[in-house]
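Enquirer: Just so we're aligned, residue -6 is where the sequence shown starts under our numbering, counting upward by one.
One structure is given below, represented as structure tokens, and several questions about it will come after.
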Amino acid sequence: MLYSHYFIDDLKDRADLVRRGVLVLFCALLLVINIAGQDVAKAVVVSEFGFVPCGHFLSQVDLFIHELKENRNDRAVAIISPRSPNRHPFPWLRVTLSRFENAGMEDRLQLFVGPQSITINTQFWRIPPGASPPEIDGTLWTTSERDTTKPFIFGSEDENEICPTFVPRKLAELVADNPGSRVHFVVKRGDRHSIGTKGFSEYWIERLIEAGIPRDRIRIFYSKSEHGLTYGEFWFVPAKK
């Protein structure tokens, strides 16, 4: 009888091991099914549209940026196509980049020049983590490095700022990275219907200072505008050798 007692206990132990093994396999199977049932991350078209005026284009970029702020881990892809072979979409690429720079999100953006199109000129894509970007028939567009050994116009803006591209923060970063450099702000007066140079220059000087450029590294020059509007040129001037 003692032998039978130990034999029965051994069978119980073996049965417990089998039950535990089955339970582990069942849990693993549920996990695999759950993972397989989850949606695979996919790239999302936020908007696509044809040629539009600059104001409408800016509103689309701003909506794109807003959605990316709601999805902080997603990346951005913008594909902008020319309407004709001799019209490069540089202005729209530059506007898109400057808007992202103003939002401090340029590191999340990739810009592409797409093929010529007379229907859809612009596509904005949001790429979640783990998702593959869309198939892109185009070339990556990046800004070229500036030659900081000689003066150049970093940017310009007129009194209306209808399609702005100048980002004070980026100029401030360039000045900070080049000790001894300065900014020459050339203000050009428009016709009698345009705003005065005093208010225009004060507005932009304040913005430059807010961006981090010391006032003593900004010089103002005045001249006559070749256009009807008052506008300004922001020159980067390297340190004197």
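For glycine and all other residues, C-beta sits at the position ideal for the given N, C-alpha and C.
Tell me the DSSP secondary structure of Val54 in three-state form.
Expert: Note: Val54 maps to helix in three-state DSSP.
Enquirer: For Arg87, I'd like the list of residues in its chain whose CB is within less than 6 angstroms of its CB, leaving aside the five on either flank, ordered along the chain.
Expert: Counting only Cβ-Cβ distances below 6 angstroms, and skipping sequence neighbours, we find Thr158.
Enquirer: Which ranges does the alpha helix (DSSP H) cover as unbroken runs of at least 4 residues, wholly within the segment 83 to 121, from first to last along the chain?
Expert: Whole alpha helix (DSSP H) segments, 4+ residues: 83 to 95.
Enquirer: Hey, how far is the Cα of Leu4 from the Cα of Val37?
Expert: With a pLDDT of 46 at Leu4, under the threshold of 50, the predicted position of this residue should be treated as unreliable, though the coordinate-derived value follows. Answer to the nearest angstrom: the Cα atoms are 57 angstroms apart.
Enquirer: Kindly give me the distance between the Cβ atoms of Thr115 and Ile73, rounded to whole angstroms, as I take these residues to be in contact under 8 angstroms.
Expert: About 5 angstroms separates the two Cβ atoms, so the contact holds.
Enquirer: Can you list, in chain order, the residues of its chain with a C-beta nearer than 8 angstroms to that of His81? Leave out the 5 residues immediately preceding and following it.
Expert: Hits under 8 angstroms: Pro75, Val106.
Enquirer: Measure from the alpha carbon of Pro237 to the alpha carbon of each residue in Gly221, Ser91, Arg210, then state which is nearest.
Expert: With the chain represented from -6 up to 234, any question about residue 237 goes unanswered, as that position is not in the structure.
Enquirer: Under a Cβ-count criterion, where at least 16 other Cβ atoms within 10 Å of its own Cβ denotes burial, should Gly183 be classed as buried or exposed?
Expert: Classification for Gly183: buried.
Enquirer: Going by the CB atoms, is the gap between Asp67 and Ile120 shorter than 8 angstroms?
Expert: Yes, they are a contact pair.
Enquirer: For the beta strand (DSSP E) that contains Leu222, what are its first and last residues?
Expert: Here Leu222 belongs to no beta strand (DSSP E), and DSSP marks it neither H nor E.
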